[in-house]
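**Q**
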Amino acid sequence: MTSQQQVHPERQKRVSTALTFFTVAATITGIFLVILVIRMILEYIVGMEMPDWATLVAQAHGLAYMVYLLSILNLAPKARWSVGKWFTTALAGVIPFFSFWMEIKRRNEVKQMFQLS
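Residues in the sequence shown are numbered consecutively from 1, following full-length UniProt numbering.
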């Protein structure tokens, strides 16, 4: 689909909804990932003893990552992503700071392709 073609409003709505779900899931996953990395640095490099509730951060990231994967499975077919885009976007949810960059990149691509405001 080229950017000159007009996108049907109903399709724009479906893609926009999927993109919003993806953006929220990616942001939450990225935040938990950064918290997890900070926790690991404090525990393993600094040697700081972490309280028991800190282990819940890893579990929360795992749950957020599963929701993130669901958001990709929702958005990717609607946006007609290639397998490479699916894979790199899914991988971004487990690499610190790459997740934020990838979310911004994919959001801008989809907005431009589907003429979303």
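The beta-carbon is built from N, C-alpha and C at its ideal position, and this holds for glycine as well.
Report, in whole angstroms, the separation of the C-beta atoms of V24 and V110, which I expect to be a contact under 8 angstroms.
**A** Not confirmed; about 14 angstroms, so no contact.
**Q** Pull up the CB-CB distance for A18 and L75, whole angstroms please, since I reckon it's below 8 angstroms.
**A** Their Cβ separation, rounded to whole angstroms, is 4 angstroms, which keeps A18 and L75 in contact under 8 angstroms.
**Q** Is it buried or exposed, I72, if we count other Cβ atoms within 10 angstroms and call 16 or more buried?
**A** The residue in question, I72, is buried, as its Cβ has 16 or more Cβ neighbours within 10 Å.
**Q** Run the CB neighbour count on F22, radius 10 Å, all protein chains shown included, and call it buried at 16 or more, exposed below.
**A** Counting Cβ neighbours within 10 Å, F22 comes out buried, since at least 16 surround it.
**Q** Along the chain, where does the alpha helix (DSSP H) containing I72 start, and where does it finish?
**A** Where I72 is concerned, the enclosing alpha helix (DSSP H) stretches over T55 to A79.
**Q** In chain order, what residues of the same chain lie with their CB nearer than 6 angstroms to the CB of F98, ignoring the 5 residues before and after it?
**A** A92, listed in sequence order.
**Q** Mapping DSSP to helix, strand and coil, what is S99?
**A** Correct three-state label for S99: helix.
**Q** Can you give me the C-alpha to C-alpha distance between S117 and E49, rounded to a whole angstrom?
**A** Between S117 and E49, the C-alpha separation is close to 47 angstroms.
**Q** Rounded to whole angstroms, what is the Cα-Cα separation between S3 and V67?
**A** Caution applies to S3, whose pLDDT of 49 falls short of 50 and renders its modelled position unreliable; the model cannot decide the point.
**Q** Within 8 angstroms: the Cβ of G93 and any heavy atom of the ligand PLP?
**A** Because no ligand of any kind appears in the structure shown, any question about the ligand PLP cannot be addressed here.
**Q** Do you know offhand how far R80's Cα is from A54's?
**A** Computed Cα separation, rounded: 39 angstroms.
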